[in-house]
Amino acid sequence: MSQIFKELEQMIAERQKQNEPRFYTCRLLTEGTLVERKVNEEAYELIEAAFKGQRGDILYEATDLIFHFLVLLRKYGISLEEIEKELRKRRKDHENR
190 MSQIFKELEQ MIAERQKQNE PRFYTCRLLT EGTLVERKVN EEAYELIEAA
240 FKGQRGDILY EATDLIFHFL VLLRKYGISL EEIEKELRKR RKDHENR
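In the working numbering, the protein residues as written are 190 to 286.
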């Protein structure tokens with residue numbers, strides 16, 4: 190797993206503990222379904238950029254989506270380590286077919 194993802198995961202966890210509304214990440218975690226709506230919005234924007242074939246926009250929107258995805262995972266208590274384990278399990282299950 191890339192170091193930047195671990196660092197982001199830690200930063201998001203720290204922001205959650207601080208629970209200060211001045212931090213965007215805190216608002217994403219505490220304001221109802223804000224983070225879910227942001228993930229939906231960023232996914233849509235990524236797909237739109239992909240349909241247009243705009244590499245720079247795809248990179249920009251993918252980065253936004255990944256950040257908001259990590260916040261969403263944190264909101265529901267899911268770690269990147271759990272995601273990695275699930276991916277490995279699925280890969281193993283697929284190989285055993």
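Positions of the beta carbon are idealized from the N, C-alpha and C atoms, including for glycine.
Inter-residue CB distance, E198 and L269 (contact presumed, cutoff 8 Å) = 6 Å
Consider the C-beta atom of R263 and the heavy atoms of the ligand MN; say whether any pair is separated by less than 6 Å.
-> Only the bare structure without any ligand can be found here, which leaves the ligand MN out of the picture.
Take L218 and list the residues in its own chain whose beta-carbon comes closer than 6 Å to its own, dropping the five residues that flank it on each side.
-> Taken in chain order, the residues that qualify are Q205, K264.
Assign T222 to buried or exposed, taking buried as 16 or more other Cβ atoms, counted over all protein chains shown, within 10 Å of its Cβ.
-> Label assigned to T222: exposed.
Can you tell me the Cβ-Cβ gap for E250 and E225, rounded? I've got them flagged as a contact below 8 Å.
-> A Cβ-Cβ separation of about 17 Å leaves E250 out of contact with E225 under the 8 Å criterion.
Closest to L259 by CA distance: which of R211, C215, E234 is it?
-> C215
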